[in-house]
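Keeping their order, the protein sequence lines are chains Y and F.
Residues in the first sequence are numbered from 1 upward in steps of one, following UniProt numbering.
Residues in the second sequence are numbered from 1 upward in steps of one, following UniProt numbering.
There are 2 protein chains.
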Amino acid sequence: MTAESPSGKASTRSKRADAQRNQRAVLTAAAEVFVTSGVDAPIRQIAARAGVGMATVYRHFPTRADLVTAVYHHQIEECAEAGPSLLAGADSPFEALRQWVDLFVDFLVTKHGLADALQSDSDRFATLHTYFIDRLLPVSAQLLDAAADAGAIKPGIQPYELMRGIGNLCIGRDSDPSYDPRRLIDLLLEGLRRPQSA
Amino acid sequence: MTAESPSGKASTRSKRADAQRNQRAVLTAAAEVFVTSGVDAPIRQIAARAGVGMATVYRHFPTRADLVTAVYHHQIEECAEAGPSLLAGADSPFEALRQWVDLFVDFLVTKHGLADALQSDSDRFATLHTYFIDRLLPVSAQLLDAAADAGAIKPGIQPYELMRGIGNLCIGRDSDPSYDPRRLIDLLLEGLRRPQSA
DNA sequence: TTAATATCCGGAACGTTGCTCCGTTTTGTC
DNA sequence: GACAAAACGGAGCAACGTTCCGGATATTAA
Numbered sequence: 001m002t003a004e005s006p007s008g009k010a011s012t013r014s015k016r017a018d019a020q021r022n023q024r025a026v027l028t029a030a031a032e033v034f035v036t037s038g039v040d041a042p043i044r045q046i047a048a049r050a051g052v053g054m055a056t057v058y059r060h061f062p063t064r065a066d067l068v069t070a071v072y073h074h075q076i077e078e079c080a081e082a083g084p085s086l087l088a089g090a091d092s093p094f095e096a097l098r099q100w101v102d103l104f105v106d107f108l109v110t111k112h113g114l115a116d117a118l119q120s121d122s123d124r125f126a127t128l129h130t131y132f133i134d135r136l137l138p139v140s141a142q143l144l145d146a147a148a149d150a151g152a153i154k155p156g157i158q159p160y161e162l163m164r165g166i167g168n169l170c171i172g173r174d175s176d177p178s179y180d181p182r183r184l185i186d187l188l189l190e191g192l193r194r195p196q197s198a
Numbered sequence: 001m002t003a004e005s006p007s008g009k010a011s012t013r014s015k016r017a018d019a020q021r022n023q024r025a026v027l028t029a030a031a032e033v034f035v036t037s038g039v040d041a042p043i044r045q046i047a048a049r050a051g052v053g054m055a056t057v058y059r060h061f062p063t064r065a066d067l068v069t070a071v072y073h074h075q076i077e078e079c080a081e082a083g084p085s086l087l088a089g090a091d092s093p094f095e096a097l098r099q100w101v102d103l104f105v106d107f108l109v110t111k112h113g114l115a116d117a118l119q120s121d122s123d124r125f126a127t128l129h130t131y132f133i134d135r136l137l138p139v140s141a142q143l144l145d146a147a148a149d150a151g152a153i154k155p156g157i158q159p160y161e162l163m164r165g166i167g168n169l170c171i172g173r174d175s176d177p178s179y180d181p182r183r184l185i186d187l188l189l190e191g192l193r194r195p196q197s198a
């Protein structure tokens, strides 16, 4: 993303200055509101905090998923990029898989309602779901393949299933502090493991 | 004002006849609507189908969870009662656990949005969650204990975790036909299993 | 049967939220 | 400064949850 200065119409037709300013204000406000009210917070609230009208929010981010995606874009990328480097650095492919899953869970669990939104049956978050899949599924596939090649896990598990399962298990952690998704996810990974004997 | 039963009708003395009639109509309508629109269907829709006003629905079932609970009461009971009998009839405690989990998943998966509602972070369904826990958690605890006593599973897994995990994994199956929670739940159970060697 | 009253009913009404529409304002350019 | 395009803001509409209250109904007493 090249940040071109308003002076001089550079490569691409840049947006108007006020539009850019507002877009950033909305993004900042959304990030703040998401922390306190979750990704389901009313658009009105975000608009108010950003000091803009609701239409401005919708203009820059047509769907809620677009807004959420924009807010967390960076962290999703980080998670995606962590896959290959973990694979290169870990003691075993399975260990890399485990570590990556841990990263992914960390990400989901620290964003209020994000896991919930990801699997929401409403299609309000469809594009968010799609983005997650597009970006992270190949990473998980690579990790799974590596582990399978090393004979560490049973074959047959689909990357989508793994992502889905992890996402699902992270749902609702916000409202129930006694629930720790990690324990179950560990069990899931354990179930994935190929018995050393066989 | 006396709650004592005077003379006359024996069984149902408390409510007026029309109230009973309406309550049943609401229950029937809700059951029908849930099938097509899920447990999140608008109260208005249920009221309309029952041919009553909205206040009547709220009068008989103050919260949505009460309505859902009433509709599925029977099936929840069946699921609860299946636990001990499966334990008595199965080849092993672990097999009983597996079969019971299968029953539970069947139940969740065939009710649109029920799994979603169960773990919903909103407290609109809090009492439903409570009812499930009250009724089914002891059953799963019994099954887990039996399996643990037989040395078939690792110790340390909490019944609540199992219920929660299964419920979570069933979320969103409605909107994604390519997602089969059973495969992941099988993995979970597999991960629970104690290695035969150790 | 009729009258009295506790009970119950229905839908209007209010608050919240998602999303759109359109008159107005701002910005960039000449 | 003038002009057109771009962007803005909030009123407005629809859907939903939930409550309120005047009116209808069932039950009991006389």
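All residues carry an ideal CB built from backbone N, CA and C; glycine is no exception.
On a predicted model such as this, the values are computed, not experimentally measured, just so you know.
Answer with buried or exposed for residue i, where buried requires no fewer than 16 other C-beta atoms within 10 angstroms of its C-beta.
i, result
"Y:Lys15", "exposed"
"Y:Thr69", "buried"
"residue 199 of chain F", "Residue 199 of chain F falls outside the range modelled here, since chain F spans only 1 to 198, and no answer is possible."
"F:His60", "buried"
"F:Ala41", "buried"
"Y:Asp91", "exposed"
"F:His73", "exposed"
"F:Ala146", "buried"
"Y:Arg124", "exposed"
"F:Val139", "buried"
Quick one: list the residues of chain Y neighbouring residue i, beta-carbon separation under 7 angstroms, in chain order.
i, result
"F:Ser175", "Asp121"
"F:Gly113", "Asp121"
"F:Glu161", "Arg183, Leu184"
Determine the chain Y residues that contact residue i at a beta-carbon separation under 8 angstroms, and present them in chain order.
i, result
"F:Arg44", "What F:Arg44 touches in chain Y: nothing, since even the nearest Cβ is about 19 angstroms away."
"F:Leu169", "Gly165, Asn168, Leu169"
"F:Gly83", "What F:Gly83 touches in chain Y: nothing, since even the nearest Cβ is about 21 angstroms away."
If you reduce the DSSP assignment to three classes, tell me which class residue i lands in.
i, result
"F:Arg193", "strand"
"Y:Ile157", "coil"
"F:Ser140", "helix"
"F:Thr110", "coil"
"Y:Pro181", "helix"
"F:Ala41", "coil"
"F:Arg173", "coil"
"Y:Gly53", "coil"
"residue 226 of chain F", "This structure does not reach residue 226 of chain F, given that chain F is present from 1 up to 198, and the question cannot be answered."
"Y:Ala70", "helix"
"Y:Pro84", "helix"
"F:Ala90", "coil"
Looking at residue i: is its Cβ nearer than 9 angstroms to the Cβ of residue j?
i, j, result
"F:Val105", "F:Ile46", "no"
"F:Leu192", "Y:Gly191", "yes"
"Y:Met54", "Y:Arg64", "no"
"F:Leu97", "F:Leu144", "yes"
"Y:Ala31", "Y:Val71", "yes"
"Y:Gly100", "Y:Ala82", "As written in the sequence, residue 100 of chain Y is Trp, which differs from the Gly given in the question. Result yes, Cβ atoms of Y:Trp100 and Y:Ala82 sit closer than 9 angstroms."
"F:Gln119", "F:Ile153", "no"
"Y:His112", "Y:Val26", "no"
"F:Leu169", "Y:Leu169", "yes"
Could you work out which residues of chain F lie near residue i, taking near to mean beta carbons separated by less than 7 angstroms?
i, result
"Y:Glu190", "Gly191"
"Y:Arg164", "Tyr179"
"Y:Asp116", "Asp121"
Quick check: the Cα distance between residue i and residue j, rounded to an integer number of angstroms?
i, j, result
"F:Arg182", "Y:Arg49", "44 angstroms"
"Y:Cys79", "Y:Pro93", "17 angstroms"
"Y:Ile133", "F:Gly51", "45 angstroms"
"Y:Ser178", "F:Ala17", "45 angstroms"
"Y:Gly167", "Y:Arg24", "29 angstroms"
"Y:Asp121", "F:Asp121", "14 angstroms"
"Y:Asn22", "Y:Val57", "9 angstroms"
"F:Gln158", "F:Thr127", "21 angstroms"
"Y:Pro84", "Y:Pro155", "20 angstroms"
"Y:Leu137", "F:Thr28", "43 angstroms"
"Y:Val33", "Y:Gln142", "35 angstroms"
"Y:Ala148", "F:Leu187", "16 angstroms"
"Y:Arg135", "Y:Asp174", "25 angstroms"
"Y:Gly165", "F:Asp176", "13 angstroms"
"F:Thr130", "F:Gly151", "30 angstroms"
"F:Arg194", "Y:Arg194", "13 angstroms"
"Y:Phe107", "Y:Gln75", "8 angstroms"
"F:Val35", "F:Glu95", "31 angstroms"
"Y:Asp102", "F:Tyr160", "22 angstroms"
What does residue i reach in chain F if we use C-beta pairs closer than 9 angstroms?
i, result
"Y:Leu187", "Lys154, Ile157, Glu161, Gly165, Leu187, Leu188, Leu189, Glu190, Gly191, Leu192"
"Y:Ala151", "Looking at the sequence provided, one finds Gly at residue 151 of chain Y rather than Ala. Within 9 angstroms Cβ-Cβ: nothing; Y:Gly151 doesn't reach chain F, min ~17 angstroms."
What does residue i touch in chain F if you count any residue whose Cβ is under 8 angstroms from its own?
i, result
"Y:Gly89", "Under the 8 angstroms cutoff, chain F gives no residues; its nearest Cβ is about 25 angstroms from Y:Gly89."
"Y:Gly51", "The contacting residues do not exist; Y:Gly51 stays about 29 angstroms from chain F at best."
The ligand PLP and residue i: does any heavy atom of the ligand fall closer than 8 angstroms to the residue's C-beta?
i, result
"F:Phe132", "The ligand PLP is not part of this structure, which contains no ligands at all."
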